Structure formats: structure tokens, C-alpha cells
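**Student:** When we follow my numbering, the leftmost residue of the first sequence carries the number 635, and every step to the right adds one. Just so you know, even glycine gets a beta-carbon here, dropped at the ideal spot from N, CA and C. Since we're looking at a predicted model, the values are computed, not measured.
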Amino acid sequence: MPELPEVETVRRGLAPLLIGRRLLRAQVAERRLREQVSLAEFRRVEGATVVDVRRRSKYLLLDTSAGQTVLVHLGMTGQIWVADHDRPPAPHQHVVIPLDDGREIRFADTRRFGLLRVVAEARLSGHPLLRGLGPEPFDPALSAADLRSGSRGRRRPVKSLLLDTGTIAGIGNIYACEALFRAGIHPARAVGRIRTDRWERLLEELRAVLTEAIRAGGTTLRDFLNAEGGPGYFRIRLRVYDREGDPCGRCGRSIRRIVQAGRSTFYCAGCQR
DNA sequence: AAATGAACCTGTTTGC
DNA sequence: TGCAAACAGGTTCATT
Numbered sequence: 635m636p637e638l639p640e641v642e643t644v645r646r647g648l649a650p651l652l653i654g655r656r657l658l659r660a661q662v663a664e665r666r667l668r669e670q671v672s673l674a675e676f677r678r679v680e681g682a683t684v685v686d687v688r689r690r691s692k693y694l695l696l697d698t699s700a701g702q703t704v705l706v707h708l709g710m711t712g713q714i715w716v717a718d719h720d721r722p723p724a725p726h727q728h729v730v731i732p733l734d735d736g737r738e739i740r741f742a743d744t745r746r747f748g749l750l751r752v753v754a755e756a757r758l759s760g761h762p763l764l765r766g767l768g769p770e771p772f773d774p775a776l777s778a779a780d781l782r783s784g785s786r787g788r789r790r791p792v793k794s795l796l797l798d799t800g801t802i803a804g805i806g807n808i809y810a811c812e813a814l815f816r817a818g819i820h821p822a823r824a825v826g827r828i829r830t831d832r833w834e835r836l837l838e839e840l841r842a843v844l845t846e847a848i849r850a851g852g853t854t855l856r857d858f859l860n861a862e863g864g865p866g867y868f869r870i871r872l873r874v875y876d877r878e879g880d881p882c883g884r885c886g887r888s889i890r891r892i893v894q895a896g897r898s899t900f901y902c903a904g905c906q907r
């Protein structure tokens, strides 16, 4: 569900609600997430103030005055928002962190692929969850020339490279498909057979689609909600994702669906080579 | 070494 | 109508 634009949307919504607030004692209804939720970890931020809300790849980072950071991942169906404490609990609401203003942070996750951890800020960059991440898509250090040279001779399908968070962080299935369509590159094309100018174009289109999606508040297919509990509006602007059989808006041919590495890929055989 | 498939979960949609 | 299979935005581990 949530890829970079959705997590960034949540980050922007949470930041003004959380910065300056104190975190009180966490309540855990279900600890069996992707990793076990630890009450002991949350004790380390009890009474601490949130000083910043950041994002790295698809992770949210709540930095606190205790020098500890709450690391949040939404998996496929995770939601995190702020609610008044007297609101009834949402379905699959697993963790609540009360705030000092009568409200509380709520985390719900139907499929439980998400996680919440508390990590010392000084150890964040070396932490196993973050250590292997590649550059952010908007990092100016990410270059077409590097992608080209790193791909020479490789036969890996380009879509699989986009989904590899060790190469570029934060891209998921929707925006990988959309960026490839916009760049006119076939998702199965071997990375070693893409020239530098096409890498330039792909990087450009990737950044453009992410920017537009963030501006629209992300894509809601079924579960995604922002920090205010509302949906994102980028879905209607998707050109290929989840549009199998629809006519391509550019050439009119039918959008195809194939499976790559066990995941659906949507593309236009007329526009993508 | 690199790529695919399975696994982790629950809910919804699709097809017979 | 009912049931089973397929599928879902992510990540990691095991297996070719």
C-alpha cells in the first residue's frame, strides 16, 4: 500500500500534530507485527517530546528529545493517525501512544506486515532495518550515469531494479509501473540494455510521478488513509497500474498485466519498448 | 551472484 | 448461492 508518496503524505500530516507533543505510556493490544512490538523499547521514549518527524524510504521516523527515534513502517495495510482519546477504536488497532494534549497516536494494520520499533538515534543509520537502503529518489547524488555503469552486462528486468530498495529507496509496485510507462521503457527490459539517455529519462519521470503523487496526497486503492483519516487522490491519475484491459491513454492499445517476481506489472506494449 | 518463489497475515474480489 | 482460488500498496528468507 504505502509507497514513498503515501508515507510522505502521512509524514506531512503528522508533523504539525506531533512536534512539541510529549509521548505518554504506549498501549499495545497486539504485539505480533512484522517484528514484535516491545513495551520495554517504548519506555525509552515515555515522557519525551517529539522534536521531528522524518521519512527514510517507506519508514517514518519520530525523533524524540530522549535521543530515541520511533521507527514506523506501514507494510501493506498499515495506518497511523492522531485521534481524540475518546474515539472508539478502529478495527485492527494494535498500538496507541497517548499524547499530552488529550489526543493519541493510533496504529492499525489489518495484515500486520508493518512494524514499530524504538531505536537510539545514534544507531539509526547502522540499524539492520535502514542499513541497506539505497539513495532517496530525490537525492542529487543518484545519477543516470551510475545506474548505467552499475547495470552494464546485467540482465535483470528494469522493474525489479526499481523495486529494489537497496538501489533506490521508496519505490513500490504502483510507481515503478507508472514511471516505466511515462519513460516508455518495457518493464522486462534488461538493465544492461538501457542507454544513459534512457536512464536520464526514467529518473526524470520517476521524480515527476512521485512529486505529482505527493501533491495529490498519494494513491488510495483500498486501505490508504492520511494522518487526518482521509484518502489520497492520485488514483485517478494512474496511467497503467490496476488498469488491465483499459485503452492506453496515449496510443489506445489495451493495457496488459504480466507477473514479474510474483507481482503484477501493468504496461502498454505499444508505448513501452 | 542473481533472480524467482514462498512466507508472513487478513480481507475482498473473481470465477466456477 | 456457495465455495475456492486469486489477488492486494512490502519485506525477507530459502531455493534454483
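Rounded to whole angstroms, what's the CA-CA distance from His761 to Thr801? Just pull it up for me.
**Tutor:** Computed Cα separation, rounded: 17 Å.
**Student:** So Glu680 and Leu657 are supposed to be a Cβ contact under 8 Å. How far apart are they, rounded?
**Tutor:** Rounded, the Cβ-Cβ distance is 7 Å, consistent with contact.
**Student:** Mind the definition here: the stretch 659 to 667 touches the stretch 722 to 730 only if three or more C-beta pairs lie below 8 Å; say whether that holds.
**Tutor:** Judged by Cβ distances under 8 Å, the stretch 659 to 667 makes contact with the stretch 722 to 730, as three or more pairs qualify.
**Student:** Is the distance from the Cβ of Ala813 to the Cβ of Leu836 below 8 Å?
**Tutor:** Their beta carbons are under 8 Å apart, which means Ala813 touches Leu836 by this criterion.
**Student:** Could you tell me which of Val641, Arg786, Gly806 sits nearest to Ser898, measuring between CA atoms?
**Tutor:** The candidate whose alpha carbon is nearest that of Ser898 is Gly806.
**Student:** Can you tell which of Glu878, Leu859, Cys905 has its C-alpha closest to the C-alpha of Arg740?
**Tutor:** The shortest Cα separation from Arg740 among Glu878, Leu859, Cys905 belongs to Leu859.
**Student:** Could you name the residues of the same chain whose beta carbon sits closer than 7 Å to that of Thr643, not counting the 5 residues immediately before and after it, in chain order?
**Tutor:** These residues qualify, in order along the chain: Ile848, Gly851, Gly852, Asn860, Gly866.
**Student:** Starting from the C-beta of Leu652, find all residues in its chain whose C-beta is less than 8 Å away, skip the five residues before and the five after it, and write them out in chain order.
**Tutor:** So the list reads Val684, Val687, Leu696, Val716, Leu733, Ile739, once near-sequence residues are dropped.
**Student:** Span of the alpha helix (DSSP H) holding Gly784?
**Tutor:** Taken as a continuous stretch (DSSP letters only), the alpha helix (DSSP H) holding Gly784 covers 778 to 785.
**Student:** Considering just the uninterrupted stretch of the beta strand (DSSP E) at Arg873, what are its terminal residues?
**Tutor:** Segment: none, Arg873 is in no beta strand (DSSP E) and carries neither H nor E.
**Student:** Mapping the DSSP letters down to three states, classify Val641 as helix, strand or coil.
**Tutor:** Looking at Val641 - three-state DSSP - the assignment turns out to be helix.
**Student:** Quick test of the definition: if touching needs 3 or more C-beta pairs under 8 Å, does the stretch 779 to 788 touch the stretch 750 to 758?
**Tutor:** The answer is no - the stretch 750 to 758 does not touch the stretch 779 to 788, with fewer than three Cβ pairs under 8 Å.
**Student:** So if DSSP puts Ser888 in a beta bridge, which residue, or which two residues, is it bridged to?
**Tutor:** Ser888 pairs with Pro881.
**Student:** Going along the chain, which unbroken runs of the alpha helix (DSSP H) with 4 or more residues stay wholly within the stretch 666 to 738?
**Tutor:** If we require 4 residues or more, the alpha helix (DSSP H) runs fully inside the stretch 666 to 738 come out as 673 to 677.
**Student:** Count the other C-beta atoms from every protein chain shown that fall within 10 angstroms of the C-beta of Arg645, then say buried if there are 16 or more, exposed otherwise.
**Tutor:** Counting Cβ neighbours within 10 Å, Arg645 comes out buried, since at least 16 surround it.
**Student:** Using only CA atoms, which one of Arg788, Pro821, Arg789, Asp798 lies nearest to Leu767?
**Tutor:** With distances taken between Cα atoms, Leu767 lies closest to Asp798.
**Student:** Look at the alpha carbon of Pro769 and the alpha carbon of Leu776, and state the distance between them as a whole number of angstroms.
**Tutor:** If I take the Cα positions, the gap works out to 7 Å.
**Student:** If you draw a straight line from the C-alpha of Asp773 to the C-alpha of Glu878, how long is it?
**Tutor:** Computed Cα separation, rounded: 33 Å.
**Student:** So, at 8 Å on beta carbons, what are the nonlocal neighbours of Gly736 in its own chain, with the 5 sequence-adjacent residues on each side left out?
**Tutor:** Cβ neighbours of Gly736 beyond the five flanking positions: Asp718, His719.
**Student:** Quick one: Cα of Ile889 to Cα of Leu840, how far?
**Tutor:** Approximately 20 Å, taken between the alpha carbons.
**Student:** What is the rounded straight-line gap between the Cα of Arg873 and the Cα of Ala700?
**Tutor:** Taking the straight line from one Cα to the other gives about 45 Å.
**Student:** Where do the N-terminal and C-terminal ends of the alpha helix (DSSP H) with Ser794 fall, by residue?
**Tutor:** Note, Ser794: alpha helix (DSSP H), 792 to 796.
**Student:** Under 8 Å between the Cβ atoms of Gly826 and Gly787?
**Tutor:** Yes. Within cutoff.
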